[in-house]
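J.: Taken in order, these protein sequences are the chains called A and B.
Take UniProt numbering: the last position of the first sequence gets the number 261, and nothing is skipped along the way.
Take UniProt numbering: the last position of the second sequence gets the number 159, and nothing is skipped along the way.
Where is the CB? At the ideal position from N, CA and C, for every residue including glycine.
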Amino acid sequence: MKDENRTNLEPVDRERRTFIGAAAGVGASMVAPGVILHAVEAAPRATSVSSDVRWGLAIDTAKCAEGCSACIDACDRENGLDLQTKPKPLSESKWDQQKAVWIRKVKLQDNQTGRITNLPMMCQHCEDPPCVDVCPTGASFKRADGIVMVDRHLCIGCRYCMMACPYKARSFIHEALEGQLTSVPRGKGCVESCNLCVDRRDYGEESTACADACAAEGHNAIVFGDLKDPESPISQLLKALPTRQIREDLELNTGVRYAGV
Amino acid sequence: MAKAALKASLFLGLMWALVAQVVLADEVKRYVVEGSRAAELDACVEPTERMRRMHFEFIKHQRTLTVHEGIRGSKYSLAGCVDCHISYNAEHEPQPINRPDQFCGACHAYAAVDLNCFDCHASVPNRPESSPEARAAHAAAGVGQPGHLAHAHPGGGER
């Protein structure tokens, strides 16, 4: 860290700068003193998550292309879902039903008009999640920042949450497996679902795998962000677009909102 | 005469104990990745005796903090155990740490503890963007990027 161009300014607190540099991680580049352009590897979270933020997704179904599965593929890679293997005695069709999926691509057709809508369906991260209500062990829980997830240490695999979820968002792991990712533990007998790339959240990364993949495809149908920050891109989008919650009659106040449904 | 025999046997016993200690130390050393943070330290994140008796308590409390509060990068971490204590075979492939001849597995087998951390958790380091310490450790050990999964999964990380 060179300070030649700052000699006329007040002396730099070297200790603090070192700390900033360390916190910003390897991939960060300083465009100006104190201004970090892009922290690729941010410091891991050291304090508890707070309810000052609520993570959510805004999905513009008009931009969601038919036949595209970029978000699902990215999710599978990020969360090691592509590492699942079919148990031998199981038929292909049954395996398709049984294997864990965090995002499903849903196609809606209005039979009267013939209008077709595509959308990705994942855990809706409800404010009042039914899966949490029914969980007998407290394994299904909502983090302070709005992420609904499963603590596998507590999950007994009863699957009440799968039945309670109106969105069919949860999956059960039926078979013992190996080769899990360090970031995404997974084991037989536990339920799991989309956790908004929770380890990315805790490492201060910007987005989710699905939103990144959608943007990379040029669709930009999925926007991730903080619903409580009125300046965030997701809040701006929700302000501009008419969006709905799926099954809003259930009054769950979902964290995932859809436009054009 | 009897006194001399006792002396001799005592001496032999002492020698044996010494040799056994050295062998034990060698055995243990094998389980620490060379060049890792662990290899440079006298003890793990806590004094060795404390680690032996309490490691499960440490990670039990840490897991609650991590899962529910989102606190990462704490002193105690199962991924940290794997990073420093994994061993590699001749082909530089990481050996699952819970196998009965490996760091976690050997001791748990000896202590008759049946546990299931690694039913769910990765038993080999496979985070591509691993901690700088782990990267340095693996580079020093000449094993490069650990795990073939690393390349297939740009997203991973414990993290």
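Roughly how many whole angstroms lie between the Cα atoms of residue 164(B) and residue 135(A)?
T.: Any property of residue 164(B) remains undetermined from this structure, which presents chain B solely from 1 to 159.
J.: CB-CB under 8 Å to residue 50(A), same chain, minus the five flanking residues each way: which ones, in chain order?
T.: Once the five neighbours on either side are set aside, the close Cβ partners of residue 50(A) are 144, 145.
J.: Between the region 73-82 of chain A and the region 175-188 of chain A, are three or more C-beta pairs nearer than 8 Å?
T.: With a cut-off of 8 Å, the region 175-188 of chain A and the region 73-82 of chain A count as touching, because enough Cβ pairs lie within range.
J.: List the endpoints of the continuous alpha helix (DSSP H) containing residue 140(A).
T.: Unbroken run through residue 140(A) is the beta strand (DSSP E), 140-142; no alpha helix (DSSP H).
J.: In this structure, does DSSP put residue 240(A) in helix, strand or coil?
T.: The answer is helix: DSSP assigns residue 240(A) an H, G or I state.
J.: Please state whether the Cβ-Cβ distance between residue 209(A) and residue 59(A) is less than 7 Å.
T.: No, the pair does not count as a contact, with Cβ atoms beyond the cut-off.
J.: Does chain A have any CB closer than 7 Å to the CB of residue 99(B)?
T.: No, its Cβ sits nowhere closer than 7 Å to a Cβ of chain A.
J.: Out of 151(A), 164(A), 158(A), which has the shortest C-alpha to C-alpha gap to residue 128(A)?
T.: Ranking the options by Cα distance to residue 128(A), first place goes to 164(A).
J.: Examine chain A for any beta-carbon lying closer than 7 Å to the beta-carbon of residue 59(B), and answer yes or no.
T.: Cβ-Cβ to chain A under 7 Å: no for residue 59(B).
J.: In whole angstroms, what separates the C-alpha of residue 224(A) from that of residue 56(A)?
T.: If I take the Cα positions, the gap works out to 6 Å.
J.: Can you name, in chain order, every residue of its own chain whose Cβ lies under 8 Å from the Cβ of residue 65(B), other than the five neighbours on each side?
T.: Excluding residues within five positions, the ones whose Cβ falls inside 8 Å are 71, 74.
J.: Are the C-beta atoms of residue 34(B) and some chain A residue less than 7 Å apart?
T.: No - not a single Cβ of chain A is within 7 Å of the one on residue 34(B).
J.: Are the region 96-106 of chain A and the region 170-178 of chain A in contact at 8 Å, needing three or more beta carbon pairs?
T.: Flag = yes, the region 96-106 of chain A and the region 170-178 of chain A touch.
J.: Output needed in chain order: residues of the region 150-182 of chain A with a Cβ under 8 Å from some Cβ in chain B.
T.: Result list: 151, 152, 153, 176, 178, 179, 180, 181, 182.
J.: Does the Cβ of residue 192(A) have 16 or more other Cβ atoms within 10 Å, making it buried, or fewer, making it exposed?
T.: When all chains shown are included, residue 192(A) counts as buried.
J.: For residue 150(A), collect the residues of the same chain with a Cβ closer than 6 Å to its Cβ; drop the 5 residues on either side in sequence, then sort them by chain order.
T.: The residues are 139, 140, 191, 192.
J.: Between residue 83(A) and the rest of its own chain, which residues show a CB-CB distance below 6 Å, the 5 nearest in sequence each way excluded?
T.: Around residue 83(A): 179.
J.: Just the Cα atoms here: how many angstroms apart are residue 69(A) and residue 115(A)?
T.: In a straight line, the C-alpha of residue 69(A) is about 20 Å away from that of residue 115(A).
J.: Just mark residue 61(B) as buried or exposed, buried being the case when its beta carbon has 16 or more other beta carbons within 10 Å.
T.: Its Cβ having fewer than 16 others within 10 Å, residue 61(B) is exposed.
J.: Can you round the beta-carbon distance between residue 76(B) and residue 56(B) to whole angstroms, since I take them to be within the 8 Å contact cut?
T.: About 10 Å separates the two Cβ atoms, so there is no contact after all.
J.: Can you tell me whether residue 34(A) is buried or exposed, with buried defined as 16 or more other CB within 10 angstroms of its CB?
T.: Interpretation of residue 34(A) is limited by its pLDDT of 44, a score under 50 that renders its predicted location unreliable; the figure taken from the coordinates is listed afterwards. Exposed, because fewer than 16 other Cβ atoms sit within 10 Å of the Cβ of residue 34(A).
J.: Going by DSSP, what residues sit across from residue 34(B) in a beta bridge?
T.: Paired residue(s): none; residue 34(B) is not in a bridge.
J.: Cβ of residue 133(B) less than 7 Å from any chain A Cβ?
T.: Confidence at residue 133(B) is low in this model, with a pLDDT of 48, below 50, so the placement of that residue should be treated as unreliable; the coordinate-derived value is given next. No, because no Cβ of chain A sits closer than 7 Å to the Cβ of residue 133(B).
J.: Return the bridge partner residues of residue 95(A) from the DSSP annotation.
T.: Its beta-bridge partners do not exist; DSSP assigns none.
J.: According to DSSP, is residue 105(B) part of a helix, a strand, or is it coil?
T.: Three-state result, residue 105(B): helix.
J.: Could you name the residues of chain B that residue 228(A) contacts, counting a contact when the two beta carbons are closer than 9 Å?
T.: The premise fails here: residue 228(A) is roughly 16 Å from chain B at the closest Cβ pair, so nothing lies under 9 Å.
J.: Identify, in the order they occur along the chain, each residue of the same chain with its Cβ nearer than 6 Å to the Cβ of residue 252(A), setting aside the five sequence neighbours on each side.
T.: Once the five neighbours on either side are set aside, the close Cβ partners of residue 252(A) are 126, 128.
J.: Going by C-alpha distance, which of 245(A), 255(A), 167(A), 249(A) is nearest residue 261(A)?
T.: The option with the nearest alpha carbon to residue 261(A) is 245(A).
J.: Look at the alpha carbon of residue 160(A) and the alpha carbon of residue 167(A), and state the distance between them as a whole number of angstroms.
T.: Their Cα atoms are separated by approximately 14 Å.
J.: Taking the beta carbon of residue 196(A) as the centre, do at least 16 other beta carbons fall within 10 Å, making it buried, or is it exposed?
T.: The residue in question, residue 196(A), is buried, as its Cβ has 16 or more Cβ neighbours within 10 Å.
J.: Does any residue of chain A have a CB that is nearer than 7 Å to the CB of residue 46(B)?
T.: With 7 Å as the cut-off, residue 46(B) does not count as an interface residue toward chain A.
J.: Assuming the contact rule is C-beta atoms closer than 8 Å, residue 182(A) and residue 98(B) should be a hit. Round their C-beta distance to whole Å, please.
T.: With 8 Å as the limit, residue 182(A) and residue 98(B) do not qualify as a contact, their Cβ atoms being about 14 Å apart.
J.: For residue 118(A), list the residues DSSP reports as bridge partners.
T.: 107(A), per the DSSP bridge assignment.
J.: What residues are listed by DSSP as bridge partners for residue 95(B)?
T.: In DSSP, residue 95(B) forms a bridge with 87(B).
J.: Within 10 angstroms of its Cβ, does residue 91(A) collect 16 or more other Cβ (buried), or is it exposed?
T.: Exposed: under 16 other Cβ atoms inside 10 Å.
J.: Can you check whether the CB of residue 213(A) is closer than 7 Å to the CB of residue 74(A)?
T.: Yes, these two residues count as a Cβ contact at 7 Å.
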